[in-house]
Amino acid sequence: MARKRAVFFRSSKRRFAQLLLTLITIFLCLLSSPIFATVPSLNSIATESLIQQGKTFYEAGQFDRAIKLLQQAADAFKASGERQQLAVTLSNLSLAYQQLGQWEQAENTIAQSLDLLPTEPTQILAQTLEVRGRLQLARGQAQAALDTWQQSADIYAQISDETGIVRSRINQAQALQVLGLYRQAQKTLTEVKPSLQKQPDSALKAEGFRNIGNVLRIVGELKESRQILQESLAVAQASQSQQAIADTLLALGNTSRTQQDTKAALEFYQQAATISPSATTRIQAQLHQFNLLLEEKQIEPALALRSPIHSQINSLPPSRTDIYTRIYFAQSLMKLKKNTNSEIATILATTIQQAENLGDRRAKSAALGNLGKLYEQTQQLSEALNLTEQALFIAQAIDAPELAYQWQWQMGRILKLQGNRQSAIASYTEAINNLQSLRSDLVAINPDVQFSFREEVEPVYRQLVDLLLQSEPSQENLSQARNTIESLQLAELDNYFREACLAPLEAIDVVDPKAAIIYPIILEDRLEVILSLPGQDLRHYATKMRSRVFESHLEKLLQTLVLPYTSDKEIHLLSQEVYNWLIQPAEKILTKNAIETLVFVLDGSLRNLPMAALYDGKQYLIEKYNIALTPGLKLFEPKPLTRQQLNALAAGLSEQRFGFAPLQFVKRELAEIQSEIPSEILLDREFTSTTLNNKFQASPSPVVHIATHGQFSSQADNTFILAWDERINVTQLDRLLRARNPNKAEPLELLVLSACETAAGDERAALGLAGVAVRAGARSTLASLWLVSDESTALLMSHFYQELNTGVSKAEALRRAQQALLQGQYRHPYFWAAFVLLGNWL
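Here the sequence shown is numbered in my numbering, starting from 14 and rising by one per residue.
What follows is the structure in structure tokens.
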């Protein structure tokens, strides 16, 4: 098998790169701050000298020499019958053996140390348990390590050792991260932070802040992560710990990279590699540099790092850190297309053997699966399938769904290449079932936050839909395809907020017999559309077209819509093509069924395009149908608008703030609303986040109308509305709206954001709009996709509330308001098409 694995392979894309980055970071923390305990009450100057020299060699990374001296000291203590001193020395010996990957000796010495110690709570017992926990985690026994560190924390609490408690809690957080329990790790570190802040500056304090920063990065709180890592760096510099400084610089590089601040990330990695006294940290910093340079297509500077990294990795002692470092290096090499395949195969073969020797089944599964990926890329499908099956068997045996889904997905791809479509569908379905079970912990497999979702999760759903919709799909396959695309929409929103915060409700389509649901699905080689009519079988039609061609056409059409001076001819030409792809094949059946409302579950960049502006050759779609959007039919409560005592809280900014232009017609817009329904107005200085919160709690209204600058982005941190005193991001807005007293509040029927826009250059910016709509808890959200003239906006909103007062549905009210503008001086789609209704259209 080893000979076979050395064949040449083609390069493959990243799979575990960022997961490995996280795992390696965790183990670096373990290696960088071991508890080298002080031996109590030494009676022999010679023995004291042995201990001190051993500690010096240990801290210098000369572990063989440290072991030799510590063993001499242990022999002396054993001969003199000094049990306590012997126990501590054996514990320190275990640390040194761990650093060399000599696991049997490390196990033996820590076991002997614990056997020598009494069971009553002492500092020495707690420190020895800490060392045992480090050994367990290094050997892949994360749950055992967590339990051991809980014991050490309990002992420190009994003897009132605050520093020991802090250290043990930090260790527990590291174990929780390895287990994929990032939210629990975050909670643990948040609880320990006040105690950390009271500590004097030290390497331990720097490590604690660094761990908090790492977890915040993983759960997507990037700004906060960078801030606390800067605190960690300041503490490390004040304590003059070069290792702590290097480790924090490495962490800052990782956070900067996740923020897509490539320049800063490379600088942090370079600094960490330059100053680190630890070979392990130095390799990690260089490896992250190498991987990022390749990702950025900076091939020449990356190649300069390749040989130094390879030679240093070969010198690492066999350990879990070494295993994941090797896999990460192999994954990085896959980005090169310069005769690296044999090298990658050899690295992975060695890694599999190391994982076997170490008894680390999770690492073995990862290495086997990656080797299977290489065989897949070279079309050696039988070998690829065999290796993938082995990897999957292990992942399932150790209950690791975050690995299992990867290998089920890989099996699906291989089976598809072998022509076994039904078995491929079964494997893809199992992969998605595992992803569904991981909803609350998707972050565990996506530590590089947003962009890895598109590489490691989204393709599983799309490739399954592709398989299901081939060759005249059955009703069963059509239904599964529809459910799969809805599940993808939900997974995207979970990923957007970095948590599974959305609870599905009753499907809204079952309560509106006059609504048709349209699912456009963008696949690599075609546009698929699934049509759902009330009480009927699903229908399906497709247009052969490369996705990049389709995306390019959408971008051209969008550019004609967002400019008020483009010609009708130009708009109609581009818009009619999209109409022909999405709507024309269904025209007759829609007419036959007297459909009044079209509800779109839009995919990808289609979310940035207003369906109202699609043109059939004679009229716009909004002239024939009510139109609504939804990210999922089960995400919004299917109830009509409550008409009794309809009132609004209306807030707006008319003056220039924070560099944003004044909105001169906002005062008129709010006055028009107040003339149609009873409204409380917050204008300019009155419109602050604090005032908004107070008003929500005091007198919650079923309608909230906000006329201010805002931006929708594919990044939750960059999705905001502007108040007088600050930007309110989507998470803050969620907290404000949910502060409405649940005992008094009517449901939030309608949230209106009338002066927002999608972020320029962000093809998935409208995901932010869906995020706001869902997270706000509003049954319906009316918002603008681009910034429209505030004069025409005031007019449209006036018409909208007038129509809403007549008793029609929200979708019908919006359609009538848009038609009113279409008939007058604002007939260009720039003025009316930007406004879209998300959620409940009733």
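Quick reminder that beta carbons are idealized off the backbone N, C-alpha and C, glycines included.
Please read these numbers as outputs of a predicted model, since none were measured by experiment.
Suppose the cutoff is 6 Å on Cβ atoms and the five residues either side in sequence are ignored; what does the same chain contact list for residue 620 look like? 779
So what's residue 258 in DSSP terms, helix, strand or just coil? helix
Output the boundary residues of the beta strand (DSSP E) element that contains residue 539. 539-545
Rounded straight-line distance, which links the Cα of residue 270 to that of residue 130: 46 Å
Where does residue 608 sit, in a helix, a strand or coil, going by DSSP? coil
Going residue by residue through the stretch 768-829, where are the continuous beta strand (DSSP E) segments of at least 3 residues, counting only ones entirely within it? 769-771 and 793-797
By Cβ distance, which residues of its chain are closer than 8 Å to residue 255, with the 5 residues on each side in sequence left out? 288, 289 and 290
Among all the DSSP beta bridges, which residues are the ones paired with residue 721? Answer is none; residue 721 lacks a bridge partner.
Run through DSSP, which three-state label would residue 664 get? strand
Please return the same chain residues whose Cβ sits closer than 7 Å to the Cβ of residue 420, not counting the five positions on each side in sequence. 382, 401, 404, 405 and 408
Looking at C-alpha atoms only, which residue of 830, 768 and 822 is the closest neighbour of residue 800? 768
From the DSSP output, in three-state form, read off residue 94 for me. coil
Coil, strand or helix - residue 752 by DSSP: coil
Checking 9 Å against the spacing of the C-beta atoms, do residue 199 and residue 229 come in under that value? yes
Counting Cβ pairs closer than 8 Å, one from the stretch 682-690 and one from the stretch 736-751, do we hit at least three? no
Taking 8 Å as the threshold, find out whether the stretch 106-121 comes into contact with the stretch 136-151 through three or more Cβ pairs. yes
Which of the three DSSP states is assigned to residue 852 in this structure? strand
Which residues in the same chain as residue 70 place their Cβ atom closer than 6 Å to its Cβ, once the five residues preceding and following it in sequence are excluded? 78 and 79
Cβ distance (whole Å) where residue 261 is taken to contact residue 246 below 8 Å: 5 Å
Contact set for residue 587: own chain, Cβ-Cβ below 8 Å, skip 5 residues either direction: 566, 569, 570 and 573
Since residue 793 and residue 823 should fall inside the 8 Å C-beta cutoff, what is the C-beta to C-beta distance between them, to a whole number of angstroms? 5 Å
Could you name the residues of the same chain whose beta carbon sits closer than 6 Å to that of residue 552, not counting the 5 residues immediately before and after it, in chain order? 544
Going by the beta-carbon positions, is the gap between residue 205 and residue 223 smaller than 9 Å? no
What residue does the beta strand (DSSP E) around residue 622 start on, and which one ends it? Premise fails: residue 622 is in no beta strand (DSSP E) and is neither H nor E.
Please list, in chain order, all residues of the same chain as residue 840 whose beta carbon is under 6 Å from its beta carbon, the five residues on each side excluded. none
Taking the C-alpha atoms as reference points, what is the distance between residue 330 and residue 218? 28 Å
Please report the straight-line C-alpha distance between residue 310 and residue 259, rounded to a whole angstrom. 26 Å
Quick one: grab the DSSP three-state call for residue 673. strand
Taking residue 834 and residue 811 to be in contact with their CB atoms under 8 Å, please state how far apart those CB atoms are, rounded to whole angstroms. That pair is no contact at about 11 Å.
Beta-carbon within less than 6 Å of residue 396's beta-carbon, same chain only, minus the 5 sequence neighbours each way: which residues are those? 388
Tell me the DSSP bridge mates of residue 641? 612
In chain order, what are the residue ranges of uninterrupted beta strand (DSSP E) at least 3 long that sit wholly in the stretch 543-587? 552-557
Using 8 Å as the Cβ pair cut-off and three pairs as the minimum, do the stretch 696-710 and the stretch 727-739 touch? yes
Closer than 6 Å by C-beta to residue 838: which residues in its own chain qualify, once you throw out the five before and the five after it? Chain order, please. none
Simplified DSSP state of residue 839, which is helix, strand or coil: coil
Using the C-alpha atoms, what's the distance from residue 591 back to residue 627? 7 Å
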